[in-house]
Structure formats: structure tokens, C-alpha cells
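Since the structure comes first, as C-alpha cells, the remarks are kept for the end.
2 protein chains.
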Amino acid sequence: MILSRTSQYAIQALIYIATQPRGEPVLNREIAAHLGVPSAYLAKIMQNLCKGNLLYSFRGRLGGFCLREEVEKTDLMQVLALTEGKGFTDDCVLGLKVCSDETACPMHSRWKPIKEKVVHMLHEQTLEKLAVAVQSGKYRITDLPHAAFDA
Amino acid sequence: MILSRTSQYAIQALIYIATQPRGEPVLNREIAAHLGVPSAYLAKIMQNLCKGNLLYSFRGRLGGFCLREEVEKTDLMQVLALTEGKGFTDDCVLGLKVCSDETACPMHSRWKPIKEKVVHMLHEQTLEKLAVAVQSGKYRITDLPHAAFDA
DNA sequence: GGAGAGTATCATGGCCGTATCATTATGACG
DNA sequence: CGTCATAATGATACGGCCATGATACTCTCC
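Keeping their order, the protein sequence lines are chains S and U.
Using the working numbering, the first residue of the first sequence is number 65, and each one after it goes up by one.
Using the working numbering, the first residue of the second sequence is number 65, and each one after it goes up by one.
Laid out in C-alpha cells, this is it:
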């Protein structure tokens with residue numbers, strides 16, 4: 065029902081980069097600070113996204129990360145294929161090794177259409193759409209600053 | 065996207081008990097053997113289901129586990145509330161602490177209806193329905209015996 | 001009281017999220 | 001041209017949680 069923290073960070077980071085001016089490398093440190101996530105761990109995730117051909121990386125001064133493909137071309141399905149593993153939507157709800165239309169667990173027929181909806185949604189959500197949504201100010205990618213409630 | 069192994073075992077075990085004659089306690093050992101899962105670990109899960117009022121347990125000779133409520137009354141949502149934690153469907157996809165209709169992550173509006181479909185499905189699937197499906201022989205609750213492919 | 005069953009406690013191994021530190025590459029500047 | 005700051009990259013280590021295993025305890029029936 066839930067994504068790994070790795071996937072969450074990856075998505076957040078990519079959206080953040082997509083909201084920044086194209087072509088200017090974004091620092092890992094800056095992303096981590098903005099999202100409020102541990103920068104060392106984020107660095108490893110970024111590396112993974114580089115190997116998965118979603119990002120360019122540049123070292124040294126003026127270095128950082130840039131999106132590789134045009135933002136309209138990258139959708140969440142591609143991201144999650146990297147962070148969760150390629151066939152992460154194929155698993156049986158009950159954990160059966162084989163659970164296909166021919167021989168299935170008793171939930172298969174109900175679960176399948178929902179899974180398809182999820183996959184469709186993940187394909188539909190491109191970095192561009194998400195970045196625009198964030199830039200509009202109506203949606204957030206980071207936690208709210210928790211005001212002083214403890215007084 | 066996936067349930068914990070604990071949840072998978074719990075569901076499988078409950079369905080198995082539901083396929084057995086009512087009133088006769090079922091042995092943990094028997095369930096574990098039939099499902100092919102480690103019996104010590106399953107025992108702990110069963111305990112949890114007892115504490116959560118889904119099972120009766122009886123010790124000593126002729127002991128074992130019986131379903132507590134009538135099978136039509138127990139649905140998967142109740143089971144998962146115990147094994148995954150009560151509000152396991154409330155979490156934000158991106159892991160935001162607060163993600164409601166008022167202030168949300170950019171995926172919230174797309175994710176919410178899917179989540180509702182999942183919750184509805186989990187409420188609909190009662191142990192009775194699942195047990196009947198298994199008893200019909202059309203659906204499985206255990207892995208296929210892998211024939212000798214390695215020769 | 002002994003065998004059979006669940007119950008409770010502790011110990012192990014793996015993976016994930018995290019933290020720390022050394023290494024390498026690159027642009028800037030004197 | 002050399003070296004220095006900067007940034008990504010890589011290696012290593014640690015704690016927590018999950019799945020598992022092992023062992024001792026407790027209850028109940030015969």
C-alpha cells in the first residue's frame with residue numbers, strides 16, 4: 065500500500081529539479097535541504113537515478129544534477145521501476161509465486177483492475193505535470209513547517 | 065504496493081481455517097504445514113489475531129484455533145488493521161505528514177479515489193467469500209508444487 | 001503426572017534508512 | 001600550470017525493524 069522511503073525521496077527530488085530552471089545543475093545539498101531529507105542517503109538515490117538514465121550528473125564547481133530527458137517524457141512508472149524494482153506491480157497480493165489469470169489466488173480478479181488503475185495513473189503522472197502543480201502553489205512536496213504547538 | 069509477509073500469512077491462515085469444518089480447532093502446525101510457512105512465526109501472528117479478537121485459541125489436547133466471529137462478518141480490512149496498523153490506508157504516497165484535501169501533495173487527488181477502491185474491496189472480501197472461492201477449487205491459497213524442472 | 005497444545009522470551013540474519021569518512025573529478029584563480 | 005575549493009562518488013559502519021529460529025513456560029485433557 066505504500067512506497068519505500070527511497071521511492072518517495074526519488075520522486076520528490078525529481079519533481080523539485082523539474083521546478084528549477086532547466087539546464088542549471090541543482091546541488092544534492094540544496095535538494096536535501098529543501099526537502100528536509102538526509103543528504104547522504106539522497107546522494108545514493110541520485111546516483112541510482114543517474115545509472116537509470118533519468119539524470120545527468122556533473123562534478124566539481126558548478127556541478128550538480130540535471131534532468132536527462134525532457135520532463136514530459138519521464139513518468140512515475142519509470143522512476144519506480146528503478147527504485148522499487150522493474151516488475152514491482154506484478155506481485156500477488158498474497159505473495160504467491162505464480163498468480164496469473166489461469167491459476168490465481170482468490171483475490172486476483174478483484175485486485176487486478178485496481179492494479180491496472182494504479183499503473184495507468186503512474187504512467188500519466190509526468191514530472192512536468194507534477195512540477196506545474198507544485199509551481200502553482202496549490203500542492204506541496206515537503207512537509208509543513210510545524211508551528212509552535214508545544215507551548 | 066505490497067503487503068507485509070505478516071499480513072499475507074495472516075490472511076492465508078484465516079482463509080484456511082474458514083475452509084475447515086466450523087467448531088473444530090485447527091492446529092497451528094497443520095496450518096503452517098499446509099501453507100508452507102514457518103510455524104514459529106505463524107504462531108506469533110496467530111497470537112496477534114487472538115488479541116485482535118479474530119480468533120479463539122484452546123490449549124492442551126484437542127486445542128488449536130477457531131474463528132471467533134462468523135465468517136461473513138470478518139473482512140480483510142479488519143485483518144489488515146491488526147497486521148499493518150489501524151490507519152494503514154491513510155498515508156500519503158509521498159510520505160508527507162499532512163496530506164489532506166485542503167493541503168496536499170501533487171498526487172493526492174489522483175491517489176485518493178484509487179485508495180477508496182482498495183478500501184472498498186478489502187471491506188467486501190469476507191473470509192466466507194474467500195473460503196468458498198478456495199473450496200470451489202478454482203483458486204489457490206498456497207504456492208504450486210514446483211515439478212521437477214531441474215533435471 | 002505426562003503428553004499435547006498454545007504462550008512468552010530471547011537470539012539471529014537481512015535489508016533499509018542513516019551517518020561518517022575517504023576518493024575522484026572539475027572548474028576557478030593566482 | 002599548479003593547487004585549491006567544490007561537488008559527486010564510493011566504501012564502511014551502525015541501529016532498527018521484519019522474518020525467522022530456538023527454547024523454555026503454561027495450560028488442559030486424559
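Note that the Cβ used here is the ideal one computed from N, Cα and C, for glycine as well.
Note that the structure is a prediction, hence the values are computed from the model and not measured.
Give a single yes or no on whether residue i has its beta carbon closer than 6 angstroms to a heavy atom of the ligand GTP.
i	result
E136(S)	Here there are no bound small molecules, and the ligand GTP is not part of this structure.
Residue i lies in the beta strand (DSSP E); which residues open and close that run?
i	result
S68(S)	Here S68(S) belongs to no beta strand (DSSP E), and DSSP marks it neither H nor E.
L91(U)	That residue, L91(U), is in no beta strand (DSSP E); it is neither H nor E in DSSP.
Is residue i near residue j, with beta carbons less than 7 angstroms apart?
i	j	result
I75(S)	V143(S)	yes
F129(U)	V90(U)	yes
L160(U)	D207(S)	yes
Y105(U)	A168(S)	no
T12(S)	T70(S)	Nothing about residue 12(S) can be reported from this structure: the residues present for chain S run from 65 to 215 only.
Name the DSSP beta bridge partners of residue i, please?
i	result
L119(S)	L131(S)
M80(S)	Here residue 80(S) is Tyr; the residue named in the question, Met, does not match the sequence. According to DSSP, which records beta bridges pairwise, Y80(S) is partnered with nothing at all.
Y203(U)	A168(S)
T190(S)	D139(S)
Could you compute how far the alpha carbon of residue i sits from the alpha carbon of residue j?
i	j	result
S103(S)	G127(S)	16 angstroms
E192(U)	A96(S)	49 angstroms
A211(S)	E166(U)	In this predicted model, A211(S) has a pLDDT of only 46, less than 50, meaning its place in the structure is not dependable enough to derive any value.
P85(S)	I81(U)	59 angstroms
G201(U)	L186(S)	35 angstroms
H98(S)	V198(S)	14 angstroms
N112(S)	K176(U)	29 angstroms
G100(S)	A107(S)	13 angstroms
I205(U)	A77(U)	9 angstroms
I178(S)	M110(S)	30 angstroms
D154(U)	E133(S)	33 angstroms
M190(U)	K137(U)	Checking the displayed sequence, the identity of residue 190(U) turns out to be Thr instead of Met. Distance between the alpha carbons of T190(U) and K137(U) is about 7 angstroms.
K115(S)	V196(S)	26 angstroms
E180(S)	A145(S)	15 angstroms
L67(U)	L194(U)	17 angstroms
R123(S)	M141(S)	28 angstroms
F213(S)	L131(U)	Low confidence applies here, because F213(S) scores a pLDDT of 41, under 50, leaving its location unreliable; read the following figure in that light. For F213(S) and L131(U), the distance between alpha carbons rounds to 45 angstroms.
R174(U)	V162(S)	30 angstroms
Y120(U)	C156(S)	29 angstroms
P209(U)	G87(U)	30 angstroms
M65(U)	M65(S)	4 angstroms
R125(S)	N117(S)	22 angstroms
E188(S)	E94(U)	46 angstroms
H184(U)	H184(S)	20 angstroms
Quick check on the burial criterion: 16 or more other C-beta atoms within 10 angstroms. Buried or exposed for residue i?
i	result
Y73(U)	buried
G149(S)	exposed
H172(U)	buried
A215(U)	Per-residue confidence for A215(U) stands at a pLDDT of 33, beneath the threshold of 50, marking its modelled position as unreliable; the derived number appears in the next sentence. So A215(U) counts as exposed.
M170(S)	Note on identity: in this sequence residue 170(S) is Pro, with Met being the wrong assignment. The residue in question, P170(S), is buried, as its Cβ has 16 or more Cβ neighbours within 10 Å.
V135(S)	buried
S164(U)	exposed
D139(U)	buried
N92(S)	buried
V182(U)	buried
In terms of residues, what are the limits of the alpha helix (DSSP H) holding residue i?
i	result
Q142(U)	140-147
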